[in-house]
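All the letters of the sequence shown, read from the start, carry residue numbers -1 to 375 under this note's numbering.
Every residue, glycine too, gets a C-beta built ideally from N, C-alpha and C.
Remarks on the structure that follows.
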Amino acid sequence: MVPMGLSFSAALAFAVTVVLTLTLRPLAVRLRITDSPGGRKRHIGEIPLVGGIAMFIGILVAAMAAVQPTGRWTLLVPAALLVIVGVIDDRYNVGVSARLAAQICAALIMMIGGGLYLRDVGDPFGTGLLGLGIFAIPVSVLVALSVINAFNFIDGIDGLAASIALIALTAGGLATGLSASAVSVAAMACGATLGFLLFNFPAFRHRRLRTFMGDAGSTLLGFIVVWFALSISQGADRSLSPVAALWFALMPLSDFFSCFIRRLARGKMPLHAGREHFHYMLMRAGLSGRQVLAVLVAFSAFYAAVGLIGASQKLPDWALFAPWFTLLGLQSFIIRGLALHVRHRRWRAAKVVVQLPASVAAAQSYATQPNAGREAA
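Here it is, written out as structure tokens:
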């Protein structure tokens, strides 16, 4: 059963996010903080980019109202920086360098100011606890940047980034038995994310109320996932292994690294926008946005369940890390194989449709012959 305090925090963040989204939508249109169709963007009309702002303020209000505000500033201060830069980028397109600088600053505030960083990575090779020593901060910054940008990368279709963040935070909370102090922040983030999904998830939203989270929202969710994962997997009172926590973000990380490597191999800037992402592969194969959402959310839920089961059964880290690392590299090929299968099925269906009129015409011609049946007999 969910504790009353967690339920209240989630409900408050949800309510504030919903109210603010409705309130900020017309303001965003006037200030031109909107997403316009064109190029990679195939939606219709100007869509307000206020989901990230609304979610952050929803979490902020819930955190201020929390009875136990332990460590909240290590999340809220760097998150505020990311949201501010994200909103500016959504409006003026500040570029990759400015976004990276903000992300590095946010990570350093969390790590140096709040003492929240990767001291060790568990026992991924079965040789004992692998401490990072003097490399702890640099490795932690790279991990934070990877997760933040991974969530930014997958924010390409309605509901995807928010749904995967919701899965990751829920799985992490369940892995701790809803007992860790950081779970209250996860509950607030889940409430805010659900509030945003009312305006972005295809099955829930009204067409006229469609809202995007923008870079402000995707980087916010990525940072919250990093913050929460570090909070529950580091220190003497850790609730689960860092390796188990990796499973909660396998899908976005796999998409991020596969795009990163492919772009580098082609001589392109790895953090610039492109159409190499998993969701674009599946949509080019012929799946609808809702079908792609269902497929990728199902993968994410399955991987989160693996991490959750591994944590609950206290499986050794090496037994969790080996398949995780394998899937990190193979997921791109799995998606490509699925896309190829969809194309093949569509080709076979199209072939039947093309052949059908000729067979129907022959049948109709035969039926119109007056004595066709008797002559055949």
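| Check | Outcome |
| --- | --- |
| contact_flag[the segment 220 to 230, the segment 239 to 250] where n(CB pairs < 8 Å) is 3 or more | yes |
| Cβ separation of LEU10 and ALA78, assumed to be a contact under 8 Å, to the nearest whole Å | Incorrect: roughly 18 Å between the Cβ atoms, too far for contact. |
| Euclidean distance between Cα positions of GLY112 and ALA142 | 14 Å |
| Under 8 Å between C-beta atoms of ALA159 and ILE152 | yes |
| Residues near GLN232 in its chain [Cβ-Cβ closer than 6 Å; skip 5 each side] | ARG117 |
| Residue environment, MET186, which counts as buried when at least 16 other CB atoms sit within 10 Å | buried |
| Touch test, the segment 233 to 241 against the segment 206 to 225, Cβ-Cβ under 8 Å, three pairs minimum | no |
| Coarse secondary structure for ILE51, derived from DSSP in three states | helix |
| Option nearest LEU20 by Cα separation, candidates ALA169, LEU285 and LEU207 | LEU207 |
| Beta-carbon proximity of ALA299 to ILE165, cut-off 8 Å | yes |
| Burial state of GLN101, where buried means 16 or more other Cβ atoms lie within 10 Å | buried |
| Where ASP33 sits in the DSSP three-state scheme | strand |
| Status (buried if at least 16 other CB within 10 Å, exposed otherwise) for ILE45 | buried |
| Beta-carbon spacing of ASP121, PRO314 below 8 Å | yes |
| Top-ranked residue by Cα proximity to LEU114, from GLY124, LEU128 and SER138 | SER138 |
| Inside the segment 217 to 248 only - alpha helix (DSSP H) runs reaching at least 4 residues | 240 to 244 |
| Residue from SER182, MET211 and PHE149 whose Cα sits closest to the Cα of LEU4 | SER182 |
| Buried versus exposed, by CB contacts within 10 Å (16 or more), PHE319 | buried |
| Under the three-state DSSP convention, the category GLY84 falls into | helix |
| Per DSSP, the bridge partner or partners of PRO45 | Just to set this straight, residue 45 is Ile in the shown sequence, not Pro. According to DSSP, which records beta bridges pairwise, ILE45 is partnered with ASP33. |
| Buried or exposed (CB count within 10 angstroms, at least 16 for buried), HIS204 | exposed |
| The alpha helix (DSSP H) enclosing ILE146, as first and last residue numbers | 134 to 152 |
| Rounded distance between the beta-carbons of GLY124 and TRP322, thought under 8 Å | 14 Å between Cβ atoms; not a contact. |
| Which residues DSSP lists as bridging ASP118, in chain order | GLY129 |
| LEU306 - containing alpha helix (DSSP H), residue span | 287 to 310 |
| Endpoints, alpha helix (DSSP H) assigned at MET186 | 181 to 195 |
| CA-to-CA distance, GLY272 to ALA242, given in whole angstroms | 30 Å |
| GLY175 at chain B interface by Cβ criterion, 8 Å | Absent here is chain B; the protein component of the structure consists of one chain. |
| As assigned by DSSP and simplified to three states, the class of PHE323 | helix |
| Within 8 Å, strictly: CB atoms of ASP253 and PHE199 | no |
| Rounded straight-line distance, which links the Cα of LEU218 to that of LEU195 | 15 Å |
| PHE210 to PHE197 span [Cα, whole Å] | 8 Å |
| 8 Å Cβ cutoff met for SER216 and ASN150 | yes |
| PHE31 to ALA309 span [Cα, whole Å] | Reading the sequence as shown, one finds Ile at residue 31 and not Phe. Cα-Cα distance, rounded: 42 Å. |
| Beta-carbon proximity of ARG341 to ALA283, cut-off 8 Å | yes |
| Opening and closing residue of the alpha helix (DSSP H) in which PHE276 lies | 276 to 283 |
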